[in-house]
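J.:
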């Protein structure tokens with residue numbers, strides 16, 4: 226990191242004591258270095274000093290605390306010795322490894338940092354950590370808790386995919402809708418409800434899907450769920466009860482979705498994805514009775530399912546196949562209207578799932594599924610015995626936002642903002658990652674980048690690194706995290722070997738932050754280019 | 226123990242107040258028994274009164290404290306009821322079980338009249354209806370959707386149990402808290418979160434349980450769930466994965482809870498409940514590795530688990546038994562403070578579950594469980610793959626209501642209102658259902674009424690009806706529904722034959738509506754009396 230792109234955390238260099246809320250008056254008379262090292266550890270563990278941030282210069286901090294510079298130097302030395310910070314020459318002293326938050330801090334995320342099971346193809350779930358796990362293990366062998374573990378690690382720049390611009394959450398509109406809902410509710414509305422969800426939201430979702438996804442849905446077929454993740458669990462339970470033991474998935478395809486299906490005891494045979502989407506011939510050859518698809522914007526490649534493949538899939542469904550359509554970010558299409566959902570072509574044989582996670586916020590845990598008539602009753606029963614149905618208030622607030630036009634306004638606003646952020650991401654990749662190939666930028670909230678052999682050759686990237694397999698995308702993600710940048714390695718999402726790559730979210734970050742994060746990736750790769 | 230070998234603690238007999246450092250000047254003007262019971266608990270928990278020591282004679286302590294002997298007797302009675310001391314005849318009143326240090330809650334418990342179901346013959350459970358249920362089939366053979374079906378039938382008067390006064394939902398306080406939460410949230414708070422729930426609510430729940438249920442809980446052990454129903458599903462999944470195939474249940478006991486356990490493939494062998502609660506000897510004899518209990522206010526009988534039973538259950542847990550404690554309405558206790566939860570006595574081996582369904586509204590779908598350490602990681606994983614955790618906004622609003630005192634104010638308000646409604650229910654039963662026996666009125670939101678043979682005879686009720694078995698409580702409920710009154714037949718909740726009866730909720734209705742509903746029940750039964 227050089228001065229020009231050091232960014233916001235340069236502040237800590239000039240006002241470290243303030244920023245860290247340190248006051249030497251709290252310190253003991255003796256053992257000042259111990260005290261300071263302890264304070265800095267605390268700041269790293271609670272995220273005030275995220276990974277990648279720079280510690281204040283020793284001279285500056287010593288001056289602010291009115292202690293000798295030796296005290297600060299010694300404290301830094303201790304953190305270096307225990308591996309949490311590293312001297313980076315002119316770049317200063319940088320936080321490189323997380324400190325697990327102890328159980329003594331009740332407000333902190335206690336998920337230990339990554340303790341993944343060893344074999345990524347094993348669906349038995351996470352094993353207990355035997356000790357503090359390393360960031361490397363997180364990337365090379367992601368366990369069932371990998372997303373929790375990633376979230377628990379503070380980092381200065383988060384380029385994880387799947388996140389809209391959360392700062393744009395329409396707080397005022399939400400609160401206004403909630404006030405109006407609370408004023409109109411009858412006492413009975415506060416009681417137990419239909420496990421399928423409130424009639425108002427089921428109607429609003431049917432209307433929303435008609436307007437935005439080309440689907441003509443009967444509100445009776447809408448089941449309100451706690452997000453697509455829950456929908457996957459429900460359909461997996463129902464299929465499993467019906468004797469089905471596998472659901473094919475796209476490859477590459479979402480690691481998280483695969484983990485959910487496996488938790489619910491479905492195997493997930495991989496079907497290759499090419500430039501037109503899933504290979505339906507391979508699906509047919511594989512013989513699975515069901516498949517999970519992301520047709521509008523394949524995750525992670527961003528491919529839009531081609532017309533002939535869609536028609537071929539419909540033929541596959543008509544002879545008994547079941548499609549689970551995860552329409553996770555289809556509304557976010559920038560250059561033309563979104564392609565209609567598969568469910569718009571056929572009702573029987575397609576279980577459609579969507580949510581507000583990418584429209585409003587994942588924290589709302591609110592989504593919907595359209596059950597194929599054949600499975601509807603079983604899905605309602607599975608939902609009933611999961612939680613008796615979603616909470617009523619947020620459902621009614623969302624219904625109002627959908628019916629008032631507020632949600633479409635929000636979507637238009639987000640599309641404009643996200644498009645600018647996408648363009649910034651692509652420009653930064655062009656500037657800092659020569660030879661990297663960008664995929665799937667026409668829609669969604671992320672791009673996929675691959676470092677293919679051809680790319681290395683033409684762009685001059687480290688063929689001695691990636692190409693030989695000695696430096697993997699997991700290594701790149703681990704090193705990026707050590708420098709304060711969260712990214713997902715493409716290898717997380719593939720079940721079969723593929724080119725090294727990254728999945729990079731752009732929607733949640735300003736162009737400046739994105740550019741800075743990509744520049745750091747470039748810094749990591751540049752020496753490998755020279756070697 | 227007799228006087229001659231009573232040992233050192235004979236001192237307490239002659240100078241109890243001094244020994245215990247008690248001074249009645251510290252006591253409040255009202256509630257002397259509460260105060261004294263609290264002081265004695267403190268003395269037990271901090272070791273001044275170790276296990277095996279004898280409490281001072283009531284006469285002696287009353288004299289020393291210059292209070293009436295009734296005050297002391299009642300304080301001792303509370304300790305007996307919550308299982309910490311036992312009357313030992315001439316040996317006096319002896320400390321028999323420890324109190325965790327923070328569990329110094331004043332407790333309670335008059336013994337409600339019991340409704341021992343007799344005649345253990347058959348344990349057949351509910352069968353699924355094969356077609357659209359008629360009201361009769363609904364009551365005689367309730368299926369998995371019985372509660373949804375009941376809710377869908379309009380009725381003028383709803384005396385179903387389990388519902389607080391929903392009209393009292395604190396809309397203004399909720400909206401105020403939500404505004405303040407929305408104003409304080411960071412963008413990251415709108416993202417995916419810890420599957421265990423937000424740190425703020427987990428801390429608030431731990432504090433709430435300490436204040437209201439005598440439980441000392443580590444927030445790290447709190448898992449926020451979508452109500453007790455979800456908690457049952459999660460624990461059932463985890464047990465089932467561990468090879469456990471049955472969870473014993475109280476009989477009579479909640480039909481809904483039994484349906485949930487069975488959905489998750491656990492058998493539910495019935496264990497009889499008598500006037501002191503579940504028969505622990507029968508539980509032991511039955512041999513199930515786990516049991517679902519409602520110790521504070523048994524559903525539906527309303528029995529409070531007696532002290533000796535509590536101790537016996539703790540012995541059962543210590544040799545490997547697992548208790549799932551459904552604390553569904555314990556805060557609603559009218560004549561004295563609630564008895565502490567079983568979880569206050571032991572952490573390992575007790576999985577505690579509670580919710581806001583009876584405090585605020587079932588429609589919030591918000592509750593908590595305290596995992597036994599052994600099962601914590603597996604329960605977190607089950608929650609993750611159910612819905613990735615509860616929605617964040619309602620959690621944060623609830624946390625604020627709990628920490629601000631608003632929720633405790635709401636509870637005090639509800640207690641007063643519910644008590645008047647309970648009294649109205651009891652008066653109406655006395656006026657319109659002569660011979661009906663009321664059970665479990667000291668707490669909760671419902672009473673159980675039985676029509677026993679003796680009752681029919683002495684009260685003049687239709688022995689030609691109930692007593693001969695030709696007119697069942699399911700018939701009564703069906704006919705009541707036909708006349709616009711929803712009630713639950715007691716037979717729903719029993720797995721083995723028991724006396725005919727009804728479970729009647731009073732909290733959600735005004736005294737006038739309740740009286741009208743009970744009068745209609747009387748109308749239905751009167752002609753049968755004459756016949």
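Protein chains in written order, with my numbering: chain A, 226 to 756; chain B, 226 to 756.
Here a beta-carbon is modelled for each residue, glycine too, at the ideal position from N, C-alpha and C.
These numbers come from a predicted model, not from an experiment.
1. Let me know the secondary structure DSSP gives residue 577/A once reduced to three states.
2. Expressed to the nearest angstrom, what Euclidean distance is found between the alpha-carbon atoms of residue 252/A and residue 265/B?
3. Alpha carbon to alpha carbon, what distance is there between residue 700/A and residue 720/A?
4. So that I know if they touch, is there some Cβ in chain A lying closer than 9 Å to that of residue 740/B?
5. For residue 603/B, which of 576/B, 371/B, 274/B and 735/B has the nearest alpha-carbon?
6. Taking the Cβ atom as the reference point for each residue, do residue 564/B and residue 555/B lie within a distance shorter than 9 Å?
7. Roughly how many angstroms lie between the CA atoms of residue 222/B and residue 309/B, to the nearest whole one?
8. Please report how far the alpha carbon of residue 560/B lies from the alpha carbon of residue 388/B, in whole angstroms.
9. List the residues that DSSP assigns as beta-bridge partners of residue 492/A.
10. Where does residue 231/A fall in DSSP's three states?
11. If distances are taken between C-alpha atoms only, which option among 279/A, 307/A, 296/A and 297/A comes closest to residue 314/A?
12. Using 10 angstroms around the beta-carbon of residue 317/A, count the other beta-carbons present and answer buried if the total reaches 16, otherwise exposed.
13. On the three-state DSSP scale, how would you describe residue 711/A?
14. Going straight from the alpha carbon of residue 270/A to that of residue 362/B, what length do you get?
15. In terms of DSSP beta bridges, what is residue 673/B paired with?
16. Less than 9 Å between the beta carbons of residue 425/A and residue 616/B, yes or no?
17. With 16 as the cutoff for other CB atoms within 10 Å, does residue 695/A come out buried or exposed?
18. Could you confirm whether any beta carbon from chain A is found closer than 9 Å to the beta carbon of residue 392/B?
19. Answer yes if the region 442-449 of chain A comes into contact with the region 491-504 of chain A, meaning at least three C-beta pairs across the two stretches below 8 Å, and no otherwise.
20. So for residue 550/B, helix, strand or coil by DSSP?
21. Which partner residues of residue 594/A appear in the DSSP bridge assignment?
22. Checking contacts by CB at 9 Å: is residue 733/B closer than that to chain A?
23. Among the residues of its own chain, which have a CB less than 6 Å from the CB of residue 334/B, if the five just before and after it don't count?
24. Decide if residue 752/A is buried, meaning its Cβ has at least 16 other Cβ atoms within 10 Å, or exposed.
25. Find the nearest neighbour of residue 522/B within the set 435/B, 440/B, 504/B and 566/B, judged by alpha-carbon distance.
26. Give me the subset of the region 610-624 of chain A whose CB atoms are less than 8 Å from a CB atom of chain B, sorted by chain position.
27. Let me know if residue 737/B comes out buried or exposed under the rule of 16 or more other beta-carbons within 10 Å of its beta-carbon.
28. Determine the closest residue to residue 319/A out of 405/A, 642/A, 648/A and 275/A, with distance taken between C-alpha atoms.
29. Near residue 599/A, which residues of its chain fall below 6 Å by C-beta distance, leaving aside the five closest residues on each side in sequence?
30. Tell me the DSSP bridge mates of residue 318/B?
31. Chain A partners of residue 414/B, CB-CB under 7 Å?
32. Given a cut-off of 9 Å on the beta-carbon distance, is the pair residue 670/B and residue 705/B in contact?
33. In chain B, which residues lie with their C-beta within 9 Å of the C-beta of residue 420/A?
34. Of the residues 722/A, 677/A and 663/A, which one's Cα is nearest the Cα of residue 760/A?
35. Using a Cβ cut-off of 7 Å, which residues of the region 518-545 of chain B contact any Cβ in chain A, in chain order?
36. Of all the residues that make up the region 442-467 of chain B, which are near chain A by a beta-carbon distance shorter than 7 Å?
T.: Answer, in terms of the structure:
1. strand
2. 42 Å
3. Rounded to whole angstroms, the gap between the alpha carbons of residue 720/A and residue 700/A is 18 Å.
4. Among the CB atoms of chain A, none fall inside 9 Å of the CB of residue 740/B.
5. 576/B
6. Taking a C-beta distance under 9 Å as the contact criterion, residue 564/B and residue 555/B qualify as a contact pair.
7. Any answer about residue 222/B is impossible in this case: the structure gives chain B only from 226 up to 756.
8. Approximately 20 Å, taken between the alpha carbons.
9. Per the DSSP secondary-structure output, residue 492/A pairs in a beta bridge with 471/A.
10. Low confidence applies here, because residue 231/A scores a pLDDT of 35, under 50, leaving its location unreliable; read the following figure in that light. Coil.
11. 279/A
12. So residue 317/A counts as buried.
13. strand
14. 60 Å
15. 664/B and 728/B
16. The criterion of a C-beta distance shorter than 9 Å is not satisfied by residue 425/A and residue 616/B.
17. exposed
18. yes
19. no
20. strand
21. Beta-bridge pairing links residue 594/A to 448/A and 578/A.
22. yes
23. With a pLDDT of only 30 at residue 334/B, under the threshold of 50, the placement of this residue in the model should not be trusted; the figure read from the coordinates follows. Contacts found: 306, 529 and 564.
24. exposed
25. 566/B
26. Residues 610, 611, 612, 613, 614, 615, 616, 617, 618 and 619.
27. exposed
28. For residue 319/A, the nearest C-alpha among the options comes from 275/A.
29. The answer is none, since no qualifying residue turns up.
30. 312/B
31. 588
32. no
33. In chain order: 370 and 373.
34. Any property of residue 760/A remains undetermined from this structure, which presents chain A solely from 226 to 756.
35. none
36. Considering only beta carbons, the part of the region 442-467 of chain B lying closer than 7 Å to chain A consists of 444, 445, 451, 452, 454, 455 and 458, in chain order.
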